[in-house]
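Everything in the sequence shown is counted per UniProt numbering, starting at 1 for the first residue and increasing by one. C-beta atoms are modelled at their ideal positions from N, C-alpha and C, and glycine is treated no differently. No experiment lies behind these values; they were computed from the predicted model shown. A short worksheet on the structure shown next.
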Amino acid sequence: LQTQLTPKSNVPTWDISDISACNGLLCLLGPKKDDPFYVCNPILGEFITIQPPYKERCRSRFWGLGYSTVTNQYKLLHSYYPIVESNYPMAEIYTIGSRTWRSIGFGNAPTDLVSLPFNAFLNGALHWYNISFGGAGEFINSFDIDTEQFGIVPPPDHFQELDKVFTEYTTTGVLGDCLFVCYFPDFVEFDIWVMKEYGVKESWTKQFVIKDMYPKGYGWDIYQPMLVLSNGEIFMLLNNEEITCYNQKRRHMRGAKSFRIRSQFDAIAYTPCLVSLYNVAKGEQISWYYVIILKLTYASSSESLDFKPQILFSFYS
């Protein structure tokens, strides 16, 4: 006997162009100008819908979800370009539960031509790599969720102006509760720098050096580190198309054998939470959607990452 459930849901399951994560909550956004933001807890199946504040403006790809420990509130930061009067990016912030957008960063928001990484939130601030703004040493930007102020994170001393050659391939984010920057010194390797103590410039450490990535001599891949395993291997997202695992001792890259899909996707080392939106999003209209929890296991000794999905539980409302 087979039973097929067709749950009703208002959460889109396709055309999601950007994702942001913070403390177990996800924020989703589609590619169209008038697409709303969706903030959800994928474990509990709860979500809220936030309408965009667009009025005669061009939406940028810059936005991210953060959390204030001072007010115990989640905030959504968004950047845009006014169609009239100014060619400089401006920013607005939405405090979840307030149901209103507020303007900040009038004309000085360092958000042009960039998008936040999926895992941008750390130590009460959002972080992103922005080579197009500021001078030397000002390409790691931050936004403090408590004070609602933009700032600069000091890069390693090794990063000089002349080092910014392969800027379009440089990535930043959070790895093992530390801020990281992927830096390409040449065509055949990249370094992962980790800030061991947040805000302390001297704590930057070149933790990983990944070499011999392109033995066939073609293409240039973009890697986004996600997770460091207990055996020292690094889980990474490759070109938004494949999950790979790199063994630094063996200098060996393993690709996923079965966990592939036809379209591009985002991936992150996700830590779930059981905090209900009914507690942190009071004042918002909360809805429910269908949830399937998958557990992915892989054989660490095999030459390829053989993921085996297993449904743990599912529910809908």
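Just reading off the beta strand (DSSP E) that residue i is part of, what are its end residues?
i    : result
N119 : Segment: none, N119 is in no beta strand (DSSP E) and carries neither H nor E.
Y270 : Taken as a continuous stretch (DSSP letters only), Y270 belongs to no beta strand (DSSP E), as it is neither H nor E.
F139 : Counting along the chain, F139 falls outside any beta strand (DSSP E), and DSSP gives it neither H nor E.
Q207 : 204-211
R99  : From DSSP, R99 is part of no beta strand (DSSP E); its letter is neither H nor E.
N247 : 242-247
Using C-beta distances below 7 Å, list every residue in its chain close to residue i, excluding the 5 sequence neighbours before and after it, in chain order.
i    : result
W128 : V114, L116, P117, A120, N141, T172
Q51  : P36
Are residue i and residue j closer than 8 Å when you measure CB to CB?
i           : j    : result
residue 318 : E92  : Only positions 1 to 317 of the chain appear in the structure, and residue 318 is not among them; the question remains open.
Y74         : L25  : yes
R191        : K206 : Correcting the residue identity first, residue 191 is Asp in this sequence and not Arg. Yes, the pair counts as a contact, with Cβ atoms nearer than the cut-off.
I145        : Y80  : no
L277        : N72  : no
I19         : D266 : yes
G64         : E284 : no
I210        : E189 : yes
I222        : N247 : no
L126        : Y198 : no
Please list, in chain order, all residues of the same chain as residue i whose beta carbon is under 6 Å from its beta carbon, the five residues on each side excluded.
i    : result
L227 : F235, A269
I104 : A91, I93, E148
M253 : T244, Y246
A281 : I48, I96, G97
V181 : T172, W193
Under the DSSP definition of a beta bridge, which residues are partnered with residue i?
i    : result
D18  : L29
H78  : W63, E92
L227 : F235
V153 : Looking at the DSSP assignment, V153 forms no beta bridge with any residue, so it has no partner.
N23  : Partner(s): none; N23 has no beta bridge.
N41  : E46
Roughly how far, in whole angstroms, is the beta-carbon of residue i from the beta-carbon of residue j, given that I think they are within contact range, below 8 Å?
i    : j    : result
L77  : F143 : 6 Å
P225 : L179 : Actually they are not in contact, since the Cβ atoms of P225 and L179 sit about 12 Å apart, beyond 8 Å.
K201 : P154 : 4 Å
F37  : C27  : 6 Å
So the alpha helix (DSSP H) residue i belongs to, where does it begin and stop?
i    : result
N279 : 277-280
Is the Cβ of residue i closer than 8 Å to any Cβ of chain C?
i    : result
G173 : Here chain C cannot be found, since the structure has a single protein chain.
Identify, in the order they occur along the chain, each residue of the same chain with its Cβ nearer than 8 Å to the Cβ of residue i, setting aside the five sequence neighbours on each side.
i    : result
T69  : G124, D146
I286 : E46, F47, I48, L277, Y278
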